Amino acid sequence: MSKHVAVLMGGWSSEREISLRSGNACARALEGEGFRVTPVDVGPDIATVLTELKPDVALNALHGPAGEDGTIQGLLEILKIPYTHSGVLASALAMHKERAKTVMKAAGVSVPEGRVVNRHDAAKSHPLTPPYVVKPIAEGSSMGVIIVREERSHPPQILASEAWTYGEEVLAETYVAGRELTCAVIGDRALGVTEIKPVSGEWYDFDAKYAGGGSIHVLPADLKPNVYQRVQELALTAHQALGCRGVSRADLRYDDTPGGTGALVVLEVNTQPGMTQTSLVPEIAAHAGLSFGELVRWMVEDASLSR
């Protein structure tokens, strides 16, 4: 008898629509692999829904708070439903960008310099010398990220407005010029390295991530072999240092600009990377010889408790 997989998607974070796209893609692929699949749009009654469904495995396709920060993982531990991706601690740790950086740095992973500040203080005066980046401490998909350029005399005023919905504290980091790179880790293996080139705009924002044709993915990235290998090493070290399981994706910056620093830094590790048609991990897995169906099958077979 085939395993019954509940694909958890949707939820109530700002990344709900992307999660629905990821979840539906995974559900279709799992059905193609012969699994019995129940798509679940996660709401406050999720404990009751899962208790009634009694799935063998939960494939977690949620993005953002509640789905990516250890909350749903803790519930699945209580319900004793094996699940994909990282466990409670690694999920919570990776989601908190500042604490994740502390752990990665201790493991020898280069990270950008920065500090946590109150959003109102960051709107009154520059927390760092421009250029720098301001970002929410615990959001994904580039939500709320602001790049403050050298020529900007005033700090970003949106931080003090009611339009800011990403928490009272923000992370200010030194801006690293150069190229946007990403590397997927599956199990204990770092796969290929992709360079991401936004078609419009200057960086890999939400639209570049998810809009069709929003970015160009160069896979494998055109890097010197030693740099390419170093990216893979950093991605795997970060994955392991944070205690991640299953699939993750590390985002990096590489400053190879003329007269630049040559810095290669890890910005963050995504424990719930997107699984849409434009997503990076399925593309990187395909380059390594894994079809989308094989990838999601591996994820389900890798699912466990006490992760």
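Okay, so the sequence shown: first residue is 1 according to UniProt numbering, each after it adds one. Just so it is clear, CB atoms sit at the ideal spot from N, CA and C, and this is done for glycine as well. These figures come from a predicted structure and were not determined experimentally.
Which whole-angstrom value is the C-beta distance of residue i and residue j, which I expect to be below 8 Å?
i: V266; j: A238; result: 5 Å
i: M275; j: S22; result: 4 Å
i: H85; j: V247; result: 6 Å
i: G260; j: G167; result: Not a contact, Cβ separation roughly 32 Å.
Just verifying my parser: in three-state terms, what is the DSSP assignment at residue i?
i: A90; result: helix
i: Y228; result: helix
i: L252; result: strand
i: C183; result: strand
i: T174; result: strand
i: I216; result: strand
i: P136; result: strand
i: H4; result: strand
i: D56; result: coil
i: L264; result: strand
i: M299; result: helix
i: R119; result: helix
i: R189; result: strand
i: Y210; result: Confidence at Y210 is low in this model, with a pLDDT of 47, below 50, so the placement of that residue is unreliable and no value is reported for it.
i: K80; result: coil
i: M9; result: strand
i: G74; result: helix
i: P282; result: helix
i: V199; result: coil
Is the beta carbon of residue i less than 9 Å from the beta carbon of residue j?
i: R149; j: P131; result: yes
i: A47; j: L75; result: yes
i: L30; j: R297; result: yes
i: V227; j: A94; result: no
i: residue 336; j: R249; result: Residue 336 lies beyond the stretch modelled for the chain, which goes from 1 to 307, so this question has no answer here.
i: S279; j: Y83; result: no
i: S14; j: L62; result: no
i: A122; j: V176; result: no
i: A90; j: L50; result: no
i: Q245; j: R307; result: Checking the displayed sequence, the identity of residue 245 turns out to be Arg instead of Gln. Yes, they are a contact pair.
i: L252; j: C183; result: yes
i: E77; j: V88; result: yes
i: E151; j: G64; result: no
Find the nearest neighbour of residue i within the set the options, judged by alpha-carbon distance.
i: M1; options: A25, V37, R16 and L20; result: V37
i: V111; options: E283, V231 and R307; result: V231
i: R16; options: E33, K3, K54 and E68; result: E68
i: A107; options: S306, D302, A235 and R115; result: A235
i: H120; options: E151, K80, A163 and L89; result: A163
i: D41; options: N24, I146 and R307; result: N24
i: E33; options: E98, H4 and E283; result: H4
i: P44; options: E283, A66 and S19; result: A66
i: I72; options: G10, E233 and T102; result: G10
i: F292; options: E301, D302 and V281; result: V281
i: S153; options: P127, L20, E233 and L53; result: P127
i: D255; options: V199, Q277, A138 and L181; result: L181
i: I186; options: T129, Q277, V134 and E283; result: E283
i: E52; options: I81, E139, T271 and T257; result: I81
i: S215; options: V145, Q277 and P258; result: Q277
i: M143; options: K124, S125, T129 and T165; result: T165
Is it the case that the CB of residue i approaches a heavy atom of the ligand SAM more closely than 8 Å?
i: T84; result: Judged by which ligands are present, the structure shown has none, so any question about the ligand SAM falls away.
Point to revise | At least 3 beta-carbon pairs within less than 8 Å: the region 49 to 68 vs the region 219 to 227 | key: Touching, no, given that fewer than three Cβ pairs across the two stretches are closer than 8 Å.
Review point. Counting Cβ pairs, one atom from each stretch, are 3 or more of them under 8 Å apart for the region 277 to 297 and the region 186 to 196?
Key: Three or more Cβ pairs closer than 8 Å define a contact, and the region 277 to 297 meets that threshold against the region 186 to 196.
Review point. Would you call the region 152 to 172 and the region 241 to 256 in contact, with 3 or more CB pairs under 8 Å?
Key: No: the two stretches stay apart, fewer than three of their Cβ pairs being nearer than 8 Å.
Check your understanding: Any contact of the region 113 to 132 with the region 167 to 182, i.e. 3+ C-beta pairs under 8 Å?
Key -> A contact exists between the region 113 to 132 and the region 167 to 182.
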